[in-house]
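Visitor: First, the structure itself, so that you have it in front of you.
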Amino acid sequence: MFDKLSQQPADKILALMAQYRADPRDSKVDLGVGVYKDASGNTPVMRAVKEAERRILADQGSKAYVGLAGDPEFSNVMIDLVLGDTIPRDRIGAVATPGGTGAIRQALELIKLADPQATVWLSNPTWPNHPSIIKYLDMPTADYRYFDSETRGVDFDGMIEDLGQVKAGDVVLLHGCCHNPTGANLTADQMAQAITTIKAQGAMPLVDIAYQGFGDGLDQDAAATRQIASAFDNCLIAASCSKNFGIYRERTGILMAIAKDADQAALAQQNMAFLNRQNYSFPPDHGARVVTTILQDAALRADWESELDETRNGMLALRQQLADELKRLTNTDRFDFLADHRGMFSRLGTTPEMVEKLRADHGIYMVGDSRMNIAGLNEKTVPILAKAIVEAGI
Ligand code: PMP
1 MFDKLSQQPA
11 DKILALMAQY
21 RADPRDSKVD
31 LGVGVYKDAS
41 GNTPVMRAVK
51 EAERRILADQ
61 GSKAYVGLAG
71 DPEFSNVMID
81 LVLGDTIPRD
91 RIGAVATPGG
101 TGAIRQALEL
111 IKLADPQATV
121 WLSNPTWPNH
131 PSIIKYLDMP
141 TADYRYFDSE
151 TRGVDFDGMI
161 EDLGQVKAGD
171 VVLLHGCCHN
181 PTGANLTADQ
191 MAQAITTIKA
201 QGAMPLVDIA
211 YQGFGDGLDQ
221 DAAATRQIAS
231 AFDNCLIAAS
241 CSKNFGIYRE
251 RTGILMAIAK
261 DADQAALAQQ
271 NMAFLNRQNY
281 SFPPDHGARV
291 VTTILQDAAL
301 RADWESELDE
311 TRNGMLALRQ
321 QLADELKRLT
331 NTDRFDFLAD
341 HRGMFSRLGT
351 TPEMVEKLRA
361 DHGIYMVGDS
371 RMNIAGLNEK
381 TVPILAKAIV
391 EAGI
């Protein structure tokens, strides 16, 4: 059997991580993998997560199965966190999933189940797992322009022009906040215009929100998702708890389906539970229970929010420091986009050759498309990166 297999494409980021580990230079800087790191390079367990786990360990009386959709309390707290009270609860179906990736996978399978002809439109560029899963599921897909390599902001005119080609029944994947890999995001007015275009074409949005709280704040980062959800009769939202709760390996996420009425929401819910059953049966519970415990307890929630605020403010300060340092070194405002971007990533907007040069000459590791993990920096490495960018002639 196994001799019939062929090699699958290697994950470029994982290969980069291995290369980084093997690099003997003390001055090396890892801006590769998408995991938050504090100033010492650690990915800490958040205080509120530790306390919630302590309580679960002490109180949990059973590890019996929960339910195909996961714990309904987890759905309720997550719907509240992501959507607030913008959509009546009876219009929302929701199932717990293994991480945000699981939510995206289940969203795509649901779309395929409903309409195998639907084309899924992706921003160019997007998180590489999006096209990879779509290809694996053999679903039709297309790109819309997104990143302007001159301004390093959003190519909004190009985006709107391409969204004008979307067909009725298609699906448009939008990042809820903190676009990965670029860091460039739409303003609320631009999002309103994109929504108008997508609606006029008769398409449905699929929102991927994986960094709520990493951009401008919990509610601010959910604003676009709420704006989208309230504008459509049908909408899918895939949310991840990996980053904002720092529980990457617990695999905690949720897929929400917003329907036009309670009957359709129940139908979507039943189909999503069916898909959970086919793929892995019951979704993981531990991370979901940690999230529920934190969000339902006022003190734990306040502590989580304050640690998340520190995380976000730390990244914003690093962005500003890097933009300031590059302004000082180049005497231009060419790099101001770094302070305007939001979330964990910024796309520097340079060639793979330059990225390789930064790695070879300066020990700076970033993804080949020049995506930098801002959280991989600290106050001391920002000047090293700025100097390397200038010396490389970027
Ligand atoms: N969407 C985007 C855009 C992401 O960057 C990520 C994490 N890299 C995810 C979804 C899902 O993450 P996870 O499966 O770890 O929750």
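The opening position of the sequence shown corresponds to residue 1 in UniProt numbering, with each subsequent residue numbered one higher.
We put the CB at the ideal spot given by N, CA and C, even for glycine.
1) Should Gly99 be listed as close to ligand 2, given that the test is whether its C-beta is under 8 Å from any heavy atom?
2) Assuming Met344 contacts Phe232 under a Cβ cut-off of 8 Å, what Cβ separation, rounded to an integer in Å, is found between them?
3) Is there at least one non-hydrogen atom of ligand 1 closer than 8 Å to the beta-carbon of Tyr248?
4) Excluding five sequence neighbours on each side, which residues of the same chain lie with their C-beta closer than 8 Å to the C-beta of Asp71?
5) On the CB-based measure, 16 or more other CB atoms within 10 Å of its CB, does Arg21 come out buried or exposed?
6) Is the Cβ-Cβ distance between Phe156 and Gln190 less than 9 Å?
7) Any chance the CB of Asp208 is under 8 Å from a heavy atom of ligand 1?
8) Output the boundary residues of the beta strand (DSSP E) element that contains Asp189.
9) Rounded to whole angstroms, how far is the Cβ of Ala238 from the Cβ of Gly93, which I believe are closer than 8 Å?
10) So, at 6 Å on beta carbons, what are the nonlocal neighbours of Arg371 in its own chain, with the 5 sequence-adjacent residues on each side left out?
11) By Cβ distance, which residues of its chain are closer than 7 Å to Gly368, with the 5 residues on each side in sequence left out?
12) What is the DSSP secondary structure of Trp304, reduced to helix, strand or coil?
13) Would the beta-carbon of Met139 fall within 9 Å of that of Thr126?
14) Would you call the segment 295 to 315 and the segment 36 to 55 in contact, with 3 or more CB pairs under 8 Å?
15) Could you give the distance in angstroms between the alpha-carbon of Gln60 and the alpha-carbon of Arg54?
16) So, at 7 Å on beta carbons, what are the nonlocal neighbours of Leu295 in its own chain, with the 5 sequence-adjacent residues on each side left out?
17) Once you ignore the five residues that flank Thr381 on each side, which residues in its own chain have a CB closer than 7 Å to its CB?
18) Give a single yes or no on whether Tyr365 has its beta carbon closer than 8 Å to a heavy atom of ligand 1.
19) Between the alpha carbons of Ile254 and Leu83, how many angstroms are there, rounded?
20) Looking only at its chain, what residues have a beta carbon closer than 8 Å to the beta carbon of Arg319, apart from the 5 residues adjacent to it on each side?
21) If you follow the alpha helix (DSSP H) that Val49 is in, where does it begin and where does it stop?
22) Thinking C-alpha only, which one of Leu68, Met366, Cys241 is nearest Glu250?
23) Does DSSP classify Phe2 as helix, strand or coil?
Guide: Taking the coordinates as given:
1) Inclusion of ligand 2 in the displayed structure is not the case, the ligand content consisting of ligand 1 alone.
2) Not quite, the Cβ-Cβ distance comes to about 28 Å (not below 8 Å), so this is no contact.
3) yes
4) Ala96, Asp285, Ala288, Arg289, Thr292
5) exposed
6) yes
7) yes
8) No beta strand (DSSP E) contains Asp189, which is instead part of the alpha helix (DSSP H) from 188 to 201.
9) Between Gly93 and Ala238 the Cβ distance is about 13 Å, and since that is not below 8 Å, they are no contact.
10) Pro181, Phe345, Arg347
11) Lys12, Pro352, Val355
12) helix
13) no
14) yes
15) 10 Å
16) Val77, Leu81, Arg301
17) Val29
18) no
19) 13 Å
20) Leu338, Ala339, His341, Ser346, Ile374
21) 47 to 59
22) Cys241
23) helix
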